[in-house]
Amino acid sequence: MRYKAEVRVTLRRDVLDPQGSAVEGALRAMGFDGVERVRVGKWIELWLEAPSPADAQSQAEEMARRLLANPVLETYQLTLKEAGDDR
Amino acid sequence: MTGEHREGVTGLPNPRGEVSGMAKFGVLVFPGTNCEIDVLRVLRDLLHQDAELVWYEERDLERYDAVILPGGFSYGDYLRAGAMARWTPVIEAVYAAAEKGRLILGICNGFQILTEAGLLPGALQRNRHLRYVCGWTHVRVERTDTPFTSAYRKGQVLRIPISHGEGNFYADPDALAEIEKRGQVLLRYATPDGQLTETANPNGSLHHIAGIMNKAGNVMGLMPHPERACEAVLGSEDGCGIFASMIHYLTKGRVFHVG
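If you read the protein sequences in the order shown, they are chains A and B. When we follow numbering that gives the first Met the number 0, the leftmost residue of the first sequence carries the number 0, and every step to the right adds one. When we follow numbering that gives the first Met the number 0, the leftmost residue of the second sequence carries the number 0, and every step to the right adds one.
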């Protein structure tokens, strides 16, 4: 079965996000006075073959834990769905 | 360590790196590494060491007394600097070498790879001001009783260039306290007279950290490029002491203890 995993990688709450701060400053300069805080993360989509949803989930978890996110700086959220022919 | 080709070191290396022992260095090359020739130049031509390049697919580093991970942009710095190089075959061999007490030195991207590999604590985040910084910096030597810094005086300020976009050292408060308590910080960004001022910190690193070592004291990482500061014609010879310290340790089996 083909699965699609979507991994959202964000900086930990207590880690400063220079990129987010820059975007925040730009939005304020554009006149969006209500902007309080901006955090920039990463969105990763990946497709994989696995014998079962549980196996796909554990493979994707391992990918996120070992490579896609660095636990010192980042956390991740993972969602998984059957992909069919979706690319 | 012993070896029939090695002779004793006759005196302290000065920043010019006058050492007489010979050790065997492996200089790792990942796709995108670009400072390996500079490191070879220093080790071979200036310090007369036995040094060779090692491709990232190598699985055995047994023959080297020391392994250097040079700077560059391994895998284009994609995802995170050092993240993909960390999963290449040679890193398993780096773990084995570290375990055996061999010296491991990571410079710039090499430092990033060592933190990604968990051989050094913390992480190197995007520079606080988002700019790629390239220029001369001053770093203060915090300890001299290590295999990497014994050629220096405690508190000595070195003039060494940096060149990075992700050099902003981060560790969570507990990890940072642990790093400080164990005295793992070897170099801090400082003013030319050794003051830790805000403007002397080029990238926002916590506690001005420019270089650290592991708990065991045989793995070091630093963001500045010592290999670019080993010849007067390049503007500084201050970086040479890192390599000279390593050579002394490897050929004499101990550090200098010069204070």
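In this text, a Cβ means the ideal position worked out from N, Cα and C, and glycines have one as well. Being a predicted model, the structure only gives us computed values, none of them experimental.
{"Asked": "Reference G261/B; option with closest CA among R181/B, N217/B, I159/B, E177/B", "Found": "There is simply no residue 261/B to check, as chain B begins at 0 and stops at 258 in what is shown."}
{"Asked": "Helix, strand or coil at M212/B according to DSSP, with G and I counted as helix", "Found": "strand"}
{"Asked": "The region 104 to 124 of chain B in contact with the region 79 to 86 of chain B per 3-pair CB rule at 8 Å", "Found": "yes"}
{"Asked": "Segment limits, beta strand (DSSP E) that includes F147/B", "Found": "Careful: F147/B lies outside any beta strand (DSSP E) and carries neither H nor E."}
{"Asked": "is_contact[V71/A, chain B] using C-beta, thresh 7 Å", "Found": "yes"}
{"Asked": "Same chain only: Cβ atoms within 6 Å of N13/B, ignoring 5 sequence neighbours per side", "Found": "The predicted model places N13/B with a pLDDT of 47, which falls under 50 and marks its position as unreliable; any figure quoted below should be read in that light. Nothing listed; no residue qualifies."}
{"Asked": "Where F242/B sits in the DSSP three-state scheme", "Found": "helix"}
{"Asked": "Contacts of L77/A in chain B (Cβ-Cβ under 8 Å)", "Found": "Ordered by position in chain B, no residue passes the 8 Å Cβ test against L77/A, which lies about 16 Å from the chain."}
{"Asked": "Chain-ordered chain B contacts of L66/A [CB-CB under 7 Å]", "Found": "A82, W86"}
{"Asked": "Same chain only: Cβ atoms within 7 Å of T145/B, ignoring 5 sequence neighbours per side", "Found": "L185, M212, G216, V254"}
{"Asked": "Q48/B - containing alpha helix (DSSP H), residue span", "Found": "No alpha helix (DSSP H) contains Q48/B, which DSSP labels as neither H nor E."}
{"Asked": "Sufficient close CB pairs (3 or more, under 8 Å) joining the region 131 to 140 of chain B to the region 91 to 99 of chain B", "Found": "no"}
{"Asked": "R27/A: first and last residue of the uninterrupted alpha helix (DSSP H) it sits in", "Found": "17 to 28"}
{"Asked": "Exposure label - N33/B; buried when at least 16 CB within 10 Å", "Found": "exposed"}
{"Asked": "Interface flag, A59/A vs chain B, CB-CB below 7 Å", "Found": "no"}
{"Asked": "A122/B at chain A interface by Cβ criterion, 7 Å", "Found": "yes"}
{"Asked": "Contact set for G258/B: own chain, Cβ-Cβ below 8 Å, skip 5 residues either direction", "Found": "Confidence at G258/B is low in this model, with a pLDDT of 38, below 50, so the placement of that residue should be treated as unreliable; the coordinate-derived value is given next. The residues are T143, R152, K153."}
{"Asked": "Beta-carbon proximity list for E57/B, same chain, < 6 Å, skipping 5 on both sides", "Found": "V89"}
{"Asked": "Beta-carbon contacts of L45/A that lie in its chain and below 6 Å, excluding the five residues immediately before and after", "Found": "A4"}
{"Asked": "Whole-number beta carbon distance between N126/B and G164/B, since they are thought to touch under 8 Å", "Found": "6 Å"}
{"Asked": "Q76/A classed as buried or exposed, judged by whether at least 16 other C-beta atoms fall within 10 angstroms", "Found": "exposed"}
{"Asked": "Residues near V38/B in its chain [Cβ-Cβ closer than 7 Å; skip 5 each side]", "Found": "V26, I67, P69, E226"}
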